[in-house]
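A.B. asks:
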Amino acid sequence: PYLDEVAKSIKMAVESNPTLLIEVQGHTDSQGSASYNMKLSQLRAEAVKEYLVTKHGIDPNRLIARGYGETRPIASNRTREGRARNRRVEFVVLQK
1 PYLDEVAKSI
11 KMAVESNPTL
21 LIEVQGHTDS
31 QGSASYNMKL
41 SQLRAEAVKE
51 YLVTKHGIDP
61 NRLIARGYGE
71 TRPIASNRTR
81 EGRARNRRVE
91 FVVLQK
């Protein structure tokens with residue numbers, strides 16, 4: 001799966017750079033309440049972080065799980081395709 005390919009790159013990056021942190025960002029579409037979507041996005045980010053830690057051995061202290069709910073759409077929430085694109089996880093590189 002694609003996540004396994006990304007996980008290998010993340011592991012190599014954090015192991016070769018001791019000041020690197022990765023923010024695992026969870027996102028949702030706009031269906032449901034804002035508070036529900038915030039919780040869902042946080043759970044989504046935490047699930048991916050847990051996968052990276054348990055399946056790929058990435059140090060959990062190098063990963064930050066953060067949910068953004070529906071606040072950062074990349075597509076219109078008016079179409080099914082747009083909502084599907086907004087339900088996602090992204091990785092952002094940070095420095096300590």
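Numbering-wise, full-length UniProt numbering puts 52 at position 52 of the sequence shown, and it's gapless, one number per residue.
Note that beta-carbon positions come from the ideal geometry of N, C-alpha and C, so glycine has one too.
1. Which stretch, first to last residue, makes up the beta strand (DSSP E) that contains Ala75?
2. Can you tell which of Gly67, Asn86, Arg80, Tyr2 has the C-alpha that lies nearest to the C-alpha of Ile74?
3. Assign Ala7 to one of two classes, buried (16 or more other C-beta atoms within 10 Å of its C-beta) or exposed (fewer than that).
4. Val48 to Gly82, Cα distance in whole Å?
5. Give me the Cα-Cα distance between Val93 and Ala45, rounded to the nearest whole angstrom.
6. When DSSP labels each residue in this structure, what does Ile10 get in the three-state scheme?
7. Mark Ser41 as exposed unless 16 or more other C-beta atoms lie within 10 angstroms of its C-beta, in which case mark it buried.
8. Looking only at C-alpha atoms, which of Ala84, Lys11, Thr79, Ala65 sits nearest to Lys39?
C.D. replies: This is what the structure holds:
1. Position 75 of the sequence shown holds residue 75. Premise fails: Ala75 is in no beta strand (DSSP E) and is neither H nor E.
2. Translated into the one-based positions of the sequence shown, residue 74 becomes position 74. It is Asn86.
3. Counting from 1 along the sequence shown, the entry for residue 7 is found at position 7. Counting of Cβ neighbours within 10 angstroms places Ala7 among the buried residues, the total reaching 16 or more.
4. Taking the sequence shown and counting its residues from 1, the one referred to as residue 48 is at position 48. Taking the sequence shown and counting its residues from 1, the one referred to as residue 82 is at position 82. Approximately 22 Å between the Cα atoms of the pair.
5. Indexing the sequence shown from 1 puts residue 93 at position 93. Indexing the sequence shown from 1 puts residue 45 at position 45. Between Val93 and Ala45, the C-alpha separation is close to 15 Å.
6. Looking up residue 10 in the sequence shown gives position 10. Helix.
7. Against the sequence shown, residue 41 aligns to sequence position 41. Under this definition Ser41 is a buried residue.
8. Against the sequence shown, residue 39 aligns to sequence position 39. Out of Ala84, Lys11, Thr79, Ala65, Ala65 has the C-alpha closest to the C-alpha of Lys39.
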